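**Q**
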Amino acid sequence: MYLHNLQTVLPDFKSNQNLILTRWMQKHHVVQFLQNYKVKPIYFIQEYALRLISNVINMVENDFPSHQYMVTKEALVSFSDKDINPHDIFCLYQSLKDVCIELIEEGNILSSPIILNKDRIIIDIYKVFERLTHDILYFYAEEFFDINSEYTQAM
Numbered sequence: 014m015y016l017h018n019l020q021t022v023l024p025d026f027k028s029n030q031n032l033i034l035t036r037w038m039q040k041h042h043v044v045q046f047l048q049n050y051k052v053k054p055i056y057f058i059q060e061y062a063l064r065l066i067s068n069v070i071n072m073v074e075n076d077f078p079s080h081q082y083m084v085t086k087e088a089l090v091s092f093s094d095k096d097i098n099p100h101d102i103f104c105l106y107q108s109l110k111d112v113c114i115e116l117i118e119e120g121n122i123l124s125s126p127i128i129l130n131k132d133r134i135i136i137d138i139y140k141v142f143e144r145l146t147h148d149i150l151y152f153y154a155e156e157f158f159d160i161n162s163e164y165t166q167a168m
């Protein structure tokens with residue numbers, strides 16, 4: 014399992030969820046998202062942010078099992094009245110990736126022995142977000158463009 018180094022990071026990652034969340038909420042795109050869609054920060058945290066951070070942790074813990082942690086309608090249901098576009102969701106994920114990497118580079122969410130592996134951990138975090146981004150784009154293509162029915166009609 015190529016993510017074995019991350020297994021020791023997870024207790025640090027989980028215990029610093031508030032730090033991750035605070036830093037993420039300060040990112041420009043997250044603030045802009047909340048303003049554009051008139052979403053209250055507490056609502057965003059409860060209905061989306063904690064779920065997204067949990068998905069990242071679960072994907073790391075479980076070495077990306079199938080599409081178990083793919084973005085689903087249920088994950089976005091709290092924003093169903095907001096007409097959210099895929100670009101905004103993509104940017105929310107990218108800003109969370111940036112925060113995770115910043116915190117790892119600064120050593121804020123890693124214990125001392127783990128800091129020695131931080132380059133490997135950063136590479137693995139990129140892999141997690143690459144998979145999440147793929148899932149987001151696939152979800153939107155499937156939900157909003159109905160790629161499966163267009164494909165079957167072409168056959």
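Read in order, the letters of the sequence shown are residues 14 to 168 in this note's numbering. Ideal Cβ placement from N, Cα and C applies to all residues, glycine included. Being a predicted model, the structure only gives us computed values, none of them experimental.
Out of 68, 24, 152, which one is the CA nearest neighbour of residue 98?
**A** Closest option to residue 98, Cα to Cα, is 152.
**Q** Write down the C-beta distance between residue 74 and residue 23 rounded to the nearest angstrom, noting that I regard them as a contact closer than 8 angstroms.
**A** 6 angstroms between Cβ atoms; contact.
**Q** So, are the CB atoms of residue 116 and residue 33 less than 9 angstroms apart?
**A** Yes, they are a contact pair.
**Q** Do residue 141 and residue 37 have their beta-carbon atoms positioned less than 9 angstroms apart in this structure?
**A** It is not a contact, given that the beta carbons lie outside the stated cut-off.
**Q** Have a look at residue 35 and residue 54 and give me their C-alpha separation to the nearest angstrom.
**A** Each residue's alpha carbon lies about 11 angstroms from the other.
**Q** Verify whether the separation of the beta carbon atoms of residue 101 and residue 50 is less than 9 angstroms.
**A** The answer is yes: Cβ separation under 9 angstroms.
**Q** Just to confirm, is the Cβ distance from residue 70 to residue 26 under 9 angstroms?
**A** Yes, the pair counts as a contact, with Cβ atoms nearer than the cut-off.
**Q** For residue 128, which residues in the same chain have their Cβ closer than 8 angstroms to its Cβ, ignoring the five residues on either side in sequence?
**A** Only 120 meet the Cβ criterion.
**Q** In the DSSP assignment, the alpha helix (DSSP H) including residue 31 goes from what residue to what residue?
**A** Segment 30-38, the alpha helix (DSSP H) holding residue 31.
**Q** Can you find the residues in the same chain that come closer than 8 angstroms, C-beta to C-beta, to residue 146, ignoring five residues on each side of it along the sequence?
**A** Cβ neighbours of residue 146 beyond the five flanking positions: 103, 106, 107.
**Q** Since residue 123 and residue 110 should fall inside the 8 angstroms C-beta cutoff, what is the C-beta to C-beta distance between them, to a whole number of angstroms?
**A** Not a contact, Cβ separation roughly 16 angstroms.
**Q** If you draw a straight line from the alpha carbon of residue 65 to that of residue 114, how long is it in whole angstroms?
**A** The straight-line gap from Cα to Cα measures roughly 16 angstroms.
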